[in-house]
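Numbering (UniProt numbering), first residue to last: 1 to 332.
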């Protein structure tokens, strides 16, 4: 006969639910109790059954993470901390990529998930609406949608961009360009608003001819920067919607024979690990995206297990990190 969690509970002198919590390293269980349960499980050769857990609790303990595509470098840096955070609460992370609003919501619902973390939401997306109507809990990560309120972890871009603008102006930059993210995303909109406000507060306008929008990817940053550098009176400083777009901007400058920073300065946003590499040394706007991912995991678990009445909106502050890609303005 197979060993059950009840056998482990009897040997450890605890309740059967305590066995389940202890074996998934629930922080509510004391370390002494966890040790007794693990020792008893090892002695009896007990292996927890995920299927059994799902049947007994009504939960699969699986959380979906919805992203746009797996090629985006930003996602690769948030998956590990999110996975680790969910694992400490006994949940598994399941990765999903987005196709269209018409199919993705039903696909998420059909996968037997306990909840979903939305990392790819557009402002007008109906996915949150459909998840809400089907009773599947979700949390916004980095982006939010307009139709449905929910728990969210977001970036507050103003402080970092204000410092970056101050530094750029102090270095003599007045012809300033921007390669910004999609206008149908909350991140694209909030970063653009913050940049325009910081410049306006200092008496500088962002010339419409020097602004481009595109996807948050390297190709978009490359193409947009190539256009800006080809203009008569090209910008001496370009703000990019994220680091990945800034990498494309650096490629475009190299291809055009415009040295960085002596010909054009470039500033990114996110401070991903490659930004600090000696070969790149990108000036950028930084925030703690690792803690932001972990907080999204905590909010997801809280939403599933506690169902609080109020939604939590957690903002992460930004700072400006100056590196090699920013220098004094020059006339070209």
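Glycine included, C-beta positions come from ideal geometry on N, C-alpha and C.
Computed from a predicted structure; not experimentally measured.
- Proximity to residue 124 across 186, 275 and 241 peaks at 186, based on C-alpha coordinates.
- Taken in chain order, the complete alpha helix (DSSP H) segments of 4 residues or longer contained in the stretch 55 to 142 are 73 to 88, 101 to 110 and 127 to 133.
- Residue pairing from DSSP places residue 286 in a beta bridge opposite 270 and 319.
- By the criterion of a C-beta distance shorter than 7 Å, residue 269 is surrounded in its chain by 191, 240, 241, 242, 243, 284 and 285, once the five residues flanking it on both sides are discounted.
- Around the beta-carbon of residue 47, fewer than 16 other beta-carbon atoms lie within 10 Å, marking it exposed.
- Residue range 151 to 156 is occupied by the beta strand (DSSP E) that includes residue 155.
- Counting along the chain, no beta strand (DSSP E) covers residue 37; the unbroken alpha helix (DSSP H) around it starts and ends at 31 to 44.
- Cβ neighbours of residue 70 within its own chain (closer than 7 Å, five residues either side excluded): 97.
- Relative to residue 215, the option among 235, 189 and 182 whose CA is nearest is 182.
- The beta strand (DSSP E) runs lying completely inside the stretch 224 to 283 and spanning 3 residues or more are 237 to 240 and 265 to 270, given in chain order.
- In the DSSP secondary-structure assignment, residue 211 is bridged to 178.
- Contact between residue 158 and residue 200 is absent: CB atoms are separated by about 12 Å, not below the 8 Å threshold.
- Linking residue 94 to residue 145 through their CA atoms gives a straight-line distance of about 22 Å.
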